[in-house]
Structure formats: structure tokens, C-alpha cells
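Residue 316 in our numbering sits at position 124 of the sequence shown, and the numbers go up by one each step. Ideal Cβ positions, reconstructed from N, Cα and C, are used throughout, including at glycine. Read through the structure below, which is laid out as C-alpha cells, and then see the notes.
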Amino acid sequence: MKLKSRIKFKKWNKYLFEFLSIFLAVTLAFLLDRWNDERKNNIAENKILKEIYNGLERDSLDIANDEQYFKIAFRGLNYFSDIIDGKTIKNDSLVMFYYLFSRESIVVQNKSGYESLKSKGLETIKSDSLRSKIINLYEVDYELARKFNEEHSEYKFMPNYFHRINQFIAPNFKYDTTYNLVGIKLPLVLKKTERNLLKSYLWKIGVGKSDRYRASQNRKKKIGHLRKEIKEYLNTRNE
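Below, the structure written as C-alpha cells:
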């Protein structure tokens with residue numbers, strides 16, 4: 193009996209050892225797979241966030257360029273208001289202001305990082321707060337900016353107002369022998385109703401550009417805050 197018991201005990205030990213060996217191997221393989229998947233997900237998250245961060249940096253530079261455009265455009269509106277009023281103006285500024293006063297700014301959006309995130313899956317960004325801010329910027333702020341720039345007819349300054357203003361101003365332009373614009377003959381011969389109409393066009397352009405300028409400034413602030421949060425998040429992850 194004792195011999196049989198010893199044999200059974202050895203067999204159970206053998207089975208237990210084999211079971212534990214298999215269990216340990218499966219568990220380690222599972223944990224290794226999870227660790228490897230987590231590592232891949234972290235690498236993908238870091239890569240996408242860096243791409244978004246760099247894209248937002250380029251967007252910030254584009255907005256800074258727009259700021260310079262808006263400053264010149266606002267000066268141009270005042271310049272043509274003075275022309276309509278018959279005030280003395282500097283002819284050497286005419287060409288620049290004539291080119292810019294009804295021109296629309298171009299909204300440039302670097303969305304490649306966000307498109308990569310959508311392709312990979314929004315849940316790639318593990319932080320709920322950070323993910324929400326990224327989605328809000330691209331899906332709300334950027335989309336509104338695109339619609340105002342491309343679809344909203346009220347902000348189409350060139351087709352709406354340029355020709356109406358130009359028909360009263362262009363006949364008074366002065367050109368040199370090579371047909372370069374060099375000045376304007378003042379005062380303009382305008383009726384009171386014509387002067388008021390021209391002033392209303394300039395006012396409307398000014399209101400529209402002010403709206404666009406405020407929107408771009410608000411977008412700039414959100415981009416700055418988001419870039420700061422992304423940087424802090426990446427630094428925390430890499431510590």
C-alpha cells in the first residue's frame with residue numbers, strides 16, 4: 193500500500209508540475225503579449241500626439257501671418273475711406289491697400305495628425321480630457337473656420353464688394369507708361385448717395401474682417417493651450 197501511495201504521489205507531483213509549467217508559460221506569454229501591445233499603443237500614441245503638436249505649431253505660424261494681413265487690411269479700409277472723403281493720401285501705399293482691402297484671408301489647416309488619429313482610433317489617446325480637447329478643436333473650431341472661409345457667402349468680400357467699389361475708384365487711377373498703378377486723382381466726383389453706399393461697403397467689409405480676426409485669435413489661444421497640454425502629457429509619459 194505504501195508503495196502504491198508513493199507512486200500515486202509521484203504521479204500527482206508530476207502532473208502538478210506539468211500543469212504549473214503550462215499555466216506559467218501561458219500566463220507569461222499572455223502578459224508578454226499585453227506588455228507588447230501596450231508598448232505598441234504607447235508608441236503609436238506618442239507618434240500621433242507629436243504629429244498633432246507639430247501640425248498645431250504650423251497652424252500657429254499661419255495665424256500669425258494672418259494677423260499681419262488683418263492689420264494691413266484694416267489700414268487699407270481706413271485708407272479707402274479717406275479717398276472716398278477726398279482726404280490727402282500717400283500714393284505709394286495705394287497698390288498694397290488696393291490689392292488687400294477686399295481680399296479674403298486663406299485658412300490653412302494642418303490636419304494630418306488628426307486624420308492619423310481617426311484612422312488609428314480616437315481611443316489611441318488614453319487621456320479623456322486631452323482627447324476631448326483635440327476632437328473639439330478639429331471638429332468644431334477648425335470646421336467652423338473652414339465653413340466661414342469656403343461656404344459662408346457673407347464673407348466673400350471680393351465678389352460681394354470689390355466690383356461695386358472699384359467702379360467708382362478705378363476710373364480715377366493714374367498709371368505710368370508701363371501701365372503700373374502709381375496714384376489716384378482726387379477728389380472723387382461722387383454724389384452723396386454714392387459716397388454713402390461706398391462707406392457702407394467698407395463698413396461691411398470691416399465688420400466681416402473683424403469677425404474673422406477675433407475667431408482666429410480665439411483659435412490661436414486654443415491651439416496654444418492644447419499644444420501646452422500635449423507637451424506636458426508627453427513629458428509625463430516619458431519620465
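Are I397 and F349 touching if we call contact CB-CB under 8 Å? For the purposes of this step, residue 397 is identified with residue 205 of the sequence shown, where counting begins at 1. For the purposes of this step, residue 349 is identified with residue 157 of the sequence shown, where counting begins at 1. In contact: I397 and F349 (Cβ atoms closer than 8 Å).
G398 - partner residues in DSSP beta bridges: In the sequence shown, residue 398 corresponds to position 206, counting from 1. The partner list for G398 (beta bridge, DSSP) is empty, contrary to what the question assumes.
If you measure between the beta carbons of Y367 and G400, is that distance less than 8 Å? Along the sequence shown, read from residue 1 onward, the residue named residue 367 stands at position 175. Along the sequence shown, read from residue 1 onward, the residue named residue 400 stands at position 208. Between Y367 and G400, the C-beta gap is not smaller than 8 Å, which leaves the two residues out of contact.
F340 in three-state terms, based on DSSP: As a working note, residue 340 is residue 148 in the sequence shown. In the three-state reduction of the DSSP assignment, F340 falls in the helix class, which pools H, G and I.
Can you list, in chain order, the stretches of the alpha helix (DSSP H) that have 4 or more residues and sit fully within the region 289-353? Within the region 289-353, the runs of alpha helix (DSSP H) that reach at least 4 residues and sit entirely inside it are, in chain order, 304-312, 320-328 and 334-342.
Limits of the unbroken beta strand (DSSP E) element including I376: In the sequence shown, counting from the first residue as 1, residue 376 sits at position 184. Run containing I376: L373 to I376, per the beta strand (DSSP E) assignment.
Helix, strand or coil for M193 per DSSP? Your numbering for residue 193 matches position 1 in the sequence shown. Its pLDDT being 49, under 50, M193 is placed unreliably in this model, and the value from its coordinates should be taken loosely. Note: M193 maps to coil in three-state DSSP.
What separation, rounded to the nearest whole angstrom, lies between the Cα atoms of F289 and N283? The residue you call residue 289 lines up with position 97 of the sequence shown. The residue you call residue 283 lines up with position 91 of the sequence shown. Those two C-alpha atoms are separated by around 10 Å.
Less than 8 Å between the CB atoms is what I'm expecting for L426 and L241, so what's the real figure, rounded? As a position in the sequence shown, residue 426 is number 234, starting the count at 1. As a position in the sequence shown, residue 241 is number 49, starting the count at 1. Separation of the CB atoms of L426 and L241 is rounded to 6 Å, and the pair is thereby assigned contact status at 8 Å.
Near I281, what residues of its chain come up, given a Cβ to Cβ distance below 8 Å and the 5 sequence neighbours on each side ignored? Translated into positions along the sequence shown, residue 281 becomes position 89. Excluding residues within five positions, the ones whose Cβ falls inside 8 Å are Y271, D274, I275, I376 and L378.
With a threshold of 7 Å, establish whether the CB of I415 neighbours any heavy atom of the ligand HEM. Ligands are entirely absent from the displayed structure, and the ligand HEM is therefore not among its contents.
Can you look up K366 in the DSSP assignment and give me helix, strand or coil? Translated into positions along the sequence shown, residue 366 becomes position 174. In the structure shown, K366 falls within a strand segment according to DSSP collapsed to helix, strand and coil.
Based on Cα-Cα distance, which residue from E296, I235 and V332 lies nearest to D258? As a first step, residue 258 is located in the sequence shown; it is residue number 66 there, counting from the start. Answer by Cα proximity: E296.
Where K423 sits in the DSSP three-state scheme: The residue given as residue 423 occupies position 231 in the sequence shown. It is helical.
Just confirm the distance between the C-beta atoms of G305 and E237, as a whole number of angstroms; I'd bet it's less than 8 Å. Position 113 of the sequence shown, counted from the start, is the residue given in the question as residue 305. Position 45 of the sequence shown, counted from the start, is the residue given in the question as residue 237. Wrong, their Cβ atoms sit about 12 Å apart, outside the cutoff.
Below 6 Å CB to CB, which residues in the same chain sit around F354 once its five sequence neighbours on both sides are set aside? Indexing the sequence shown from 1 puts residue 354 at position 162. Excluding positions up to five away in sequence, the list reads S294.
In whole angstroms, what separates the C-alpha of L269 from that of R411? Along the sequence shown, read from residue 1 onward, the residue named residue 269 stands at position 77. Along the sequence shown, read from residue 1 onward, the residue named residue 411 stands at position 219. Computed Cα separation, rounded: 24 Å.
Whole angstroms are fine: how far does the CA of R406 sit from the CA of L418? Position 226 of the sequence shown holds residue 418. Position 214 of the sequence shown holds residue 406. Answer to the nearest angstrom: the Cα atoms are 18 Å apart.
Return yes when the Cβ of L373 is within less than 8 Å of the Cβ of L253, no when it is not. Numbered from its first residue, the sequence shown carries residue 253 at position 61. Numbered from its first residue, the sequence shown carries residue 373 at position 181. Cβ atoms of L253 and L373: not closer than 8 Å.
G416 (DSSP reduced to helix, strand or coil): By one-based count along the sequence shown, residue 416 stands at place 224. Annotated three-state conformation of G416 is helix, per DSSP.
Is there a Cβ from chain C that is less than 8 Å from the Cβ of D320? Given the protein chain composition of this structure (a single chain), no chain C is represented.
Under the three-state DSSP convention, the category N281 falls into: Taking the first residue of the sequence shown as 1, we reach residue 281 at position 89. Residue identity check: residue 281 is Ile in the sequence provided, not Asn. Reduced to three states, the DSSP call for I281 is coil.
Per DSSP, what kind of secondary structure is L382 in: helix, strand or coil? Within the sequence shown, residue 382 is the residue found at index 190, counting from 1. Three-state result, L382: coil.
Only counting the same chain, and skipping five residues up and downstream in sequence, which positions put a Cβ closer than 8 Å to that of I264? Numbered from its first residue, the sequence shown carries residue 264 at position 72. Within the same chain, I264 has close Cβ partners M288, F289 and L292.
Suppose you measure from the CA of P363 to the CA of R387; what does that come to, to the nearest Å? On the sequence shown, residue 363 is found 171 positions in, with the first residue counted as 1. On the sequence shown, residue 387 is found 195 positions in, with the first residue counted as 1. For the pair P363 and R387, the Cα-to-Cα distance works out to about 15 Å.
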